[in-house]
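Below: the structure, in structure tokens.
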Amino acid sequence: MAPRARSSAACDTCRLRKTKCVLRPGEERCILCAFHELECVFDPDGPRRKRQRRRRSTQDGAGLVEQQQDTSHTGTGQHVQQRRHHQETLAEPAASSRETYVDLSSPESSRDRISTPPAAAYPSILNETLGLDPANHAEYVGPSDYRDPLLLDLRLNTENSSSFVRRTDNRTLFIVHSDEAAASDARRIADVDAIEAVVHPHGPNLVNLYFRFVHPSFPILHKDVFIAKHRVSYRYFTPSLLAAVYLLSIEWRLHDSVLASSDIRTGPDVTALEQLADAAIQEDMRTPKLSTLEAGLLLLQRHKLQLVERPVASIWRLHSQIVAISHELGLHADCSSWSTPDWEVGLRRRIAWALYMQDRWISFVHGRPALLHDDDWDVQPCSSSDFPEYHDKPDDSSIGTIAAPTGWRLFLRQIELSQILCEIYRIYYATSATRRNGSLDQMGVRAAVDLAKPIIARLSQWKSALSPDLAFTASKPRTLCASASLHLAYHTVVIAMYRALVRILTPDTPESLYTAVRSAARDKLQAAVQLLGSMQPEHTSAFWGSVASYQVAMIGAFAGLLWATAETSEEIAWCAARIDDLKWALRVRGAAAPFAREALQLLEHETSGLNALKAT
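Here the sequence shown stands for residues 5 to 620, numbered as in the working numbering.
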């Protein structure tokens with residue numbers, strides 16, 4: 005058995021654990037072997053790991069599961085944990101055959117600090133949860149399902165059954181399936197080990213950065229639950245969620261003294277982490293949980309244009325998978341009366357509305373029909389009680405941290421904007437409106453403009469009702485201004501409205517109406533460009549979702565539309581100048597702001613024809 009060739013398949017360690025074998029550039033050992041200080045070798049005739057027989061028994065209606073390994077297996081005995089049990093023994097040298105974990109709660113932790121967690125180590129806060137059970141995944145049974153709920157109620161839950169029925173209220177029913185048949189817990193542990201190896205020993209630092217800069221305005225995790233689990237062991241997470249949190253946190257590494265002072269060569273390998281995250285999210289989709297949705301939403305925020313040849317197809321594919329999983333988990337249903345912990349009810353609402361926003365924006369900027377339909381959307385509005393950190397006092401010692409109440413209000417206002425955007429799409433962009441002899445053709449230009457007036461008034465009222473801490477200029481010294489993304493979204497929604505109106509103008513449009521629409525459109529474009537040109541580092545260093553780059557590109561495309569339809573040389577020159585202003589604003593901010601860099605890339609591609617005409 006020789007050291008593994010660089011062009012060969014996975015090494016023995018990764019093959020045994022059925023995990024992705026990832027090599028850092030210039031390294032002779034893969035990430036997992038380097039983390040465990042093993043020799044990275046490949047033996048084509050190496051022995052395969054023997055499967056261990058397991059037995060499950062279902063306890064109570066809440067689905068408490070015990071797993072018992074066969075005691076005839078040498079060196080192993082019964083190891084029962086409440087709601088969780090590692091399903092296979094990890095093959096590690098000089099380690100117990102029982103489950104182990106590495107405590108990385110402090111930078112001084114090392115690979116030889118291995119211990120066995122007690123049975124009660126898993127946070128009891130997860131008891132009675134539906135979408136967070138570490139050993140099961142739930143399948144929502146909808147009203148039209150071929151399996152009638154009344155018949156499912158009669159199903160007997162036996163000890164040997166791999167699934168059982170759980171009612172959350174008198175109208176809602178789930179079938180809870182064991183993860184055993186679809187995935188191995190040993191593989192999950194190997195995957196999170198590989199992920200942790202990439203960031204070791206900075207995992208706790210990255211988690212801290214995540215909850216300082218991402219979580220306040222994008223609150224799709226339960227902070228207390230996440231931190232409680234991470235302090236015990238990183239192995240209590242699904243690989244995709246752990247990788248997603250680490251990936252987003254790396255953007256703010258300069259805000260951590262340890263990470264900022266570390267050599268770039270010894271810091272987290274972003275490329276390796278992205279590869280592990282992409283593989284992990286696809287694996288976790290086989291046994292979907294709320295954490296799968298959380299990971300998918302976070303990875304969508306991280307998406308970079310240069311990583312794939314067709315970024316739109318990649319983004320839409322992942323988004324479609326997440327929406328499908330949300331339906332399977334019943335995220336679109338009202339969970340107010342469910343027999344689940346109150347904190348899970350609030351978490352479900354936050355994830356649901358984050359997905360709603362994502363669906364409305366991704367579908368709009370990519371010209372796709374929305375995947376979530378209002379007729380099937382029964383999620384109650386979010387309130388402050390759904391956000392446990394709402395009343396937390398700000399930590400003055402954490403420079404730059406976004407205040408929890410500010411982030412929560414920003415999240416709610418973003419939801420409102422996405423609902424207005426949905427209305428604009430329904431009236432002006434849906435197939436029923438834009439097809440030949442559709443509603444826009446039938447109503448005519450003047451009626452279409454009249455329909456826009458209440459929406460424009462609603463947008464004006466929305467902006468005037470913003471709280472002072474969400475103002476564009478609201479930023480205390482040494483504090484990031486997260487509301488800049490909210491103001492960009494507002495200007496994009498306004499421009500979406502006026503783009504529809506400019507498109508439907510015809511030569512037969514009354515001159516007064518034609519002039520009024522185009523004049524107002526130019527004013528809105530000017531305001532949007534000025535917003536981007538006035539952004540300071542406190543704005544661009546805050547959290548920006550991946551859709552922000554497309555919002556900026558839409559503003560640039562609107563300037564191109566006005567330029568292409570202008571009738572005077574003065575207006576043509578004015579539109580071209582606004583495009584140049586926008587590009588300059590993005591160029592001087594692109595080095596520090598990924599969203600600006602990606603927006604410039606999109607805009608250069610979108611306006612390439614304009615550049616060619618200007619050169620002639």
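Beta carbons are placed, not taken as given, at the ideal position from N, Cα and C, and that holds for glycine.
Values in this document were obtained by computation on a predicted structure and should not be read as measured data.
Please report the distance separating the alpha-carbon of Phe46 from that of Asp16.
5 Å
On the DSSP bridge assignment, give the partners of Ser182 in chain order.
Asn140
If you draw a straight line from the C-alpha of Ala264 to the C-alpha of Leu213, how long is it?
12 Å
Buried or exposed for Arg306, going by 16 or more other Cβ atoms inside 10 Å?
Result: buried.
What does a CB cutoff of less than 6 Å around Val316 pick up in its chain, not counting 5 residues either side in sequence?
His370
Where does Ala14 sit, in a helix, a strand or coil, going by DSSP?
coil
Give me the DSSP bridge partner(s) of Arg170.
According to DSSP, Arg170 bridges with Phe178.
Closest to Ile424 by C-alpha separation, out of Val453, Met501, Ser487 and His219, would be which residue?
For Ile424, the closest of Val453, Met501, Ser487 and His219 by C-alpha to C-alpha distance is Met501.
Simplified DSSP assignment, three categories, for Val274
helix
So Val630 and Pro243 are in contact, right, with Cβ under 8 Å, and what is the actual spacing, rounded?
Outside the displayed span of the chain (5 to 620) sits residue 630, for which this structure offers no information.
Tyr150 to Leu156, Cα distance in whole Å?
11 Å
Based on the DSSP secondary-structure assignment, which residues constitute the bridge partners of Leu27?
Residue pairing of Leu27 in beta bridges, as defined by DSSP: Cys34.
Taking DSSP as the reference, what is the three-state secondary structure of Val218?
coil
Express the C-alpha separation of Cys579 and Thr483 in angstroms, rounding to a whole number.
35 Å
Near Leu245, which residues of its chain fall below 7 Å by C-beta distance, leaving aside the five closest residues on each side in sequence?
Cβ neighbours of Leu245 within its own chain (closer than 7 Å, five residues either side excluded): Ser295, Glu298 and Ala299.
Relative to the alpha-carbon of Ser341, which residue among Ala488, Pro138, Ala570 and Leu177 has its alpha-carbon at the smallest distance?
Leu177
For His491, which option in Ile559, Ala504, Arg372 and Ala520 has the closest C-alpha, if you only look at C-alpha atoms?
Ile559
Just to confirm my understanding: we take Ala532, look at its own chain, exclude 5 residues before and 5 after, and list those with CB closer than 7 Å. What are they?
Excluding sequence positions up to five before and after Ala532, its CB lies within less than 7 Å of the CB of His495, Ile499 and Ile559, all in the same chain and listed in chain order.
Assuming the contact rule is C-beta atoms closer than 8 Å, Gly564 and Glu610 should be a hit. Round their C-beta distance to whole Å, please.
7 Å
For the alpha helix (DSSP H) containing Glu200, name the first residue and the last one.
Asp189 to Val203 is the extent of the alpha helix (DSSP H) around Glu200.
Could you give the DSSP three-state label for Val383: helix, strand or coil?
Val383 falls in the coil class under three-state DSSP.
Between the C-alpha atoms of Arg372 and Arg507, what's the straight-line distance to the nearest angstrom?
18 Å
If you measure between the beta carbons of Leu536 and Leu586, is that distance less than 8 Å?
In this structure, Leu586 lies closer than 8 Å to Leu536 by Cβ.
Starting from the Cα of Gly135, find the closest Cα among Lys233, Val180 and Asp152 and give me that residue.
Val180
Could you tell me which of Gln555, Lys233, Glu132 and Glu542 sits nearest to Phe217, measuring between CA atoms?
Closest by alpha carbon: Glu542.
Is it right to say Leu375 is buried, meaning 16 or more other beta carbons lie within 10 angstroms of its own, or is it exposed?
Answer is buried; the Cβ neighbour count reaches 16.
Going straight from the alpha carbon of Glu515 to that of Gly448, what length do you get?
15 Å
His395 classed as buried or exposed, judged by whether at least 16 other C-beta atoms fall within 10 angstroms
exposed
Residue closest to Gln605, alpha-carbon to alpha-carbon, out of Thr569, Ala596 and Ser553
Ranked by how close their Cα comes to the Cα of Gln605, the residues Thr569, Ala596 and Ser553 have Ser553 in first place.
Residue range of the alpha helix (DSSP H) that Cys579 falls in?
Ser573 to Gly594
What is the rounded straight-line gap between the Cα of Ser167 and the Cα of Arg591?
55 Å
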